[in-house]
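Student: Once you've had a glance at the structure underneath, I'll fire off some questions.
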Ligand code: SAH
């Protein structure tokens, strides 16, 4: 298969930059489906571009959840690596909460039980009005967080800006015939976006410039890469998207245990960073999300809760997102890699305490668990 990013780069190298802009603009027009159809380009360029596929990703498998309106697309890249994109349709909050309550009652002992339908969706429900796509920034991931499936298979390579953008373009084209569109992008798929700084930045800028999505509709999630976070504060060309930081513990030793990438002093750094970030973007829409997976017996006792409240109080404009742990496949494999879900009542307790402490807090209901499309489950698996 052709390396489209490289081929385009070579073809456009000696062309005026507005040619690239014309192409980038056309990429996002769902009525255009080949380089030939870009009428503003000269004949000579059409000739050079005529054999280049319109998307740099090839669909390998397209899975649809039986539980909710979630699709997971497994894409094959030009060098036979794979990535995943998750397309999530959401009805409304009530539906989500119902689903969460039902799924928390699953028996954890039975392999099939855990994927039991949360709340069965009726046909009427599948016509969701809002779509969020979860896109990947790397093939695989080098971070090796203990609870996440993506890191288990290791790191394959960085995605090009085109490969990042094309996950959005593919989704646009998938939803357009249904009269739907992508409302939000979360960069929470495979990979650590801040380890692919330049390509992620270019992809975000191109999407923002050419699509109908604004900065607050895009959330980039990071496990915390200190040099890159420092650079963002100085980089005026990094778009002011929303940030989510995968915290998972406000106690350094327990964070280090589950996130080996944790650098000593990270939590102190994070407090400073959040304050500096807010100074740079004082708007209330630039809140920082703190992501916290509730891992039974690991990071979910009272001591952890108090540590979280104490840390969060030192950061302006944050939101705390509690995430029920999603099983990542074959547990229990061994004692090291096995995590249990924090009971629903305990998550509710944290939620209430965080609200009482004055924070905005949400509980994330993960969609698409039957097709391994939920947070942390992206490992190029196609089993159901
Ligand atoms: N590397 C980035 C982007 C991936 S985001 C990051 O770590 O933020 C993936 C999100 O899913 C993060 O919030 C991550 O912590 C969460 N996650 C990973 N494994 C999970 C699991 N097994 N259950 C629930 N959430 C998980």
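Numbering (the working numbering), first residue to last: 29 to 412. Ideal Cβ positions, reconstructed from N, Cα and C, are used throughout, including at glycine.
Under a Cβ-count criterion, where at least 16 other Cβ atoms within 10 Å of its own Cβ denotes burial, should residue 146 be classed as buried or exposed?
Tutor: On the chain shown, residue 146 is found 118 positions in, with the first residue counted as 1. The predicted position of residue 146 is uncertain, since its pLDDT is 36 and thus under 50; a value taken from the coordinates is nonetheless stated next. When all chains shown are included, residue 146 counts as buried.
Student: Between residue 297 and the ligand SAH, is the CB less than 7 angstroms from at least one heavy atom?
Tutor: The sequence position of residue 297 within the chain shown is 269, counting from 1. No, the beta carbon of residue 297 sits no closer than 7 angstroms to any heavy atom of the ligand SAH.
Student: Measure from the alpha carbon of residue 165 to the alpha carbon of each residue in 324, 282, 49, 250, then state which is nearest.
Tutor: Along the chain shown, read from residue 1 onward, the residue named residue 165 stands at position 137. Nearest of 324, 282, 49, 250 to residue 165, Cα basis: 250.
Student: Can you give the Cα-Cα distance for residue 66 and residue 160, rounded to whole angstroms?
Tutor: The residue given as residue 66 occupies position 38 in the chain shown. The residue given as residue 160 occupies position 132 in the chain shown. Each residue's Cα considered, the two are about 28 angstroms apart.
Student: Specify, as a first and last residue, the run of the alpha helix (DSSP H) that residue 377 falls within.
Tutor: Within the chain shown, residue 377 is the residue found at index 349, counting from 1. First-last of the alpha helix (DSSP H) with residue 377: 372-384.
Student: Output the distance between the C-alpha atoms of residue 207 and residue 393, rounded to the nearest integer angstrom.
Tutor: Your numbering for residue 207 matches position 179 in the chain shown. Your numbering for residue 393 matches position 365 in the chain shown. If I take the Cα positions, the gap works out to 25 angstroms.
Student: Do you know how far the Cα of residue 218 is from the Cα of residue 98?
Tutor: Here residue 98 is taken as the residue at index 70 of the chain shown, counted from 1. Here residue 218 is taken as the residue at index 190 of the chain shown, counted from 1. Approximately 17 angstroms between the Cα atoms of the pair.
Student: Pull up the distance between the alpha-carbon of residue 362 and that of residue 395, whole angstroms please.
Tutor: Reading the chain shown from its first residue, position 334 is the one you call residue 362. Reading the chain shown from its first residue, position 367 is the one you call residue 395. Unreliable placement is indicated for residue 362, whose pLDDT of 49 sits below 50; the coordinate value is still reported in the next sentence. Taking the straight line from one Cα to the other gives about 26 angstroms.
Student: Tell me where the alpha helix (DSSP H) around residue 46 begins and ends.
Tutor: Along the chain shown, one-based indexing puts residue 46 at 18. That run of the alpha helix (DSSP H) goes 45-55.
Student: Bridge partners for residue 389 per DSSP, in chain order?
Tutor: One-based indexing of the chain shown puts residue 389 at position 361. Partner(s): 348.
Student: By the 10 Å Cβ neighbour count, where 16 or more other Cβ atoms means buried, how is residue 103 classified, buried or exposed?
Tutor: Translated into positions along the chain shown, residue 103 becomes position 75. Burial call: buried.
Student: For the alpha helix (DSSP H) that contains residue 228, what are its first and last residues?
Tutor: Here residue 228 corresponds to residue number 200 of the chain shown, with the count starting at 1. Where residue 228 is concerned, the enclosing alpha helix (DSSP H) stretches over 225-238.
Student: So residue 275 and residue 318 are supposed to be a Cβ contact under 8 angstroms. How far apart are they, rounded?
Tutor: Here residue 275 refers to the residue found at position 247 when the chain shown is read from its first residue. Here residue 318 refers to the residue found at position 290 when the chain shown is read from its first residue. Going by Cβ atoms, the distance from residue 275 to residue 318 rounds to 5 angstroms, so yes, they are a contact pair.
Student: Taking all protein chains shown into account, decide if residue 42 is buried (16 or more other Cβ within 10 angstroms of its Cβ) or exposed.
Tutor: For the purposes of this step, residue 42 is taken as the residue at position 14 of the chain shown. Residue 42 comes out exposed.
Student: For residue 198, name the three-state secondary structure that DSSP assigns.
Tutor: The sequence position of residue 198 within the chain shown is 170, counting from 1. Residue state, collapsed to three classes: helix.
Student: Compute every distance between the C-beta of residue 274 and the non-hydrogen atoms of the ligand SAH, then say whether any falls below 7 angstroms.
Tutor: In the chain shown, residue 274 corresponds to position 246, counting from 1. Under cutoff, so the answer is yes.
Student: Keeping to the same chain, check which residues put their C-beta closer than 6 angstroms to that of residue 29; ignore five residues upstream and five downstream.
Tutor: Along the chain shown, one-based indexing puts residue 29 at 1. Counting only Cβ-Cβ distances below 6 angstroms, and skipping sequence neighbours, we find 106.
Student: Step through the CB atoms of chain B and report whether any lies within less than 8 angstroms of the CB of residue 243.
Tutor: Structure shown: chain B not included; a single protein chain is present.
Student: If distances are taken between C-alpha atoms only, which option among 230, 223, 157, 185 comes closest to residue 193?
Tutor: On the chain shown, position 165 is the one that residue 193 refers to. When each option's Cα is compared against that of residue 193, the closest is 230.
Student: Just to confirm my understanding: we take residue 277, look at its own chain, exclude 5 residues before and 5 after, and list those with CB closer than 6 angstroms. What are they?
Tutor: Position 249 of the chain shown, counted from the start, is the residue given in the question as residue 277. If we look at residue 277 and ignore the five residues flanking it on each side, its Cβ neighbours are 283, 327.
Student: With distances taken between CB atoms, is the gap from residue 162 to residue 404 smaller than 8 angstroms?
Tutor: Residue numbering aside, residue 162 sits at position 134 when the chain shown is read from its first letter. Residue numbering aside, residue 404 sits at position 376 when the chain shown is read from its first letter. No; because the gap between Cβ atoms is not below 8 angstroms, this pair is not in contact.
Student: Grouping DSSP H, G and I as helix and E and B as strand, with all else coil, what is residue 322?
Tutor: Position 294 of the chain shown, counted from the first residue, corresponds to residue 322. Of the three classes helix, strand and coil, the one that applies to residue 322 here is strand, per DSSP.
Student: Between which two residues does the beta strand (DSSP E) carrying residue 82 extend?
Tutor: One-based indexing of the chain shown puts residue 82 at position 54. Taken as a continuous stretch (DSSP letters only), residue 82 belongs to no beta strand (DSSP E), as it is neither H nor E.
Student: Considering Cα atoms alone, identify which of 369, 371, 390 is closest to residue 379.
Tutor: As a working note, residue 379 is residue 351 in the chain shown. Nearest option by C-alpha distance: 390.
Student: List the residues that DSSP assigns as beta-bridge partners of residue 100.
Tutor: Counting from 1 along the chain shown, the entry for residue 100 is found at position 72. DSSP, once it has assigned bridges, lists 91, 114 as partnering residue 100.
Student: In terms of DSSP beta bridges, what is residue 249 paired with?
Tutor: Walking along the chain shown from the start, residue 249 turns up at place 221. Paired residue(s): 272.
Student: Taking 8 angstroms as the threshold, find out whether the stretch 231-247 comes into contact with the stretch 288-303 through three or more Cβ pairs.
Tutor: Because the criterion of three Cβ pairs below 8 angstroms is not met, the stretch 231-247 and the stretch 288-303 do not touch.
Student: Taking the Cβ atom as the reference point for each residue, do residue 296 and residue 267 lie within a distance shorter than 8 angstroms?
Tutor: Against the chain shown, residue 296 aligns to sequence position 268. Against the chain shown, residue 267 aligns to sequence position 239. No, these two residues do not count as a Cβ contact at 8 angstroms.
Student: Determine the direct distance from the alpha carbon of residue 314 to that of residue 307, and round the result to whole angstroms.
Tutor: Taking the first residue of the chain shown as 1, we reach residue 307 at position 279. Taking the first residue of the chain shown as 1, we reach residue 314 at position 286. Straight-line Cα distance between these residues: approximately 10 angstroms.
Student: With 16 as the cutoff for other CB atoms within 10 Å, does residue 38 come out buried or exposed?
Tutor: Here residue 38 corresponds to residue number 10 of the chain shown, with the count starting at 1. Exposed, since its Cβ has fewer than 16 Cβ neighbours within 10 Å.
Student: Starting from residue 166 and walking both ways along the beta strand (DSSP E), at which residues does that stretch end?
Tutor: In the chain shown, the residue the question calls residue 166 occupies position 138. Unbroken beta strand (DSSP E) run through residue 166: 166-168.
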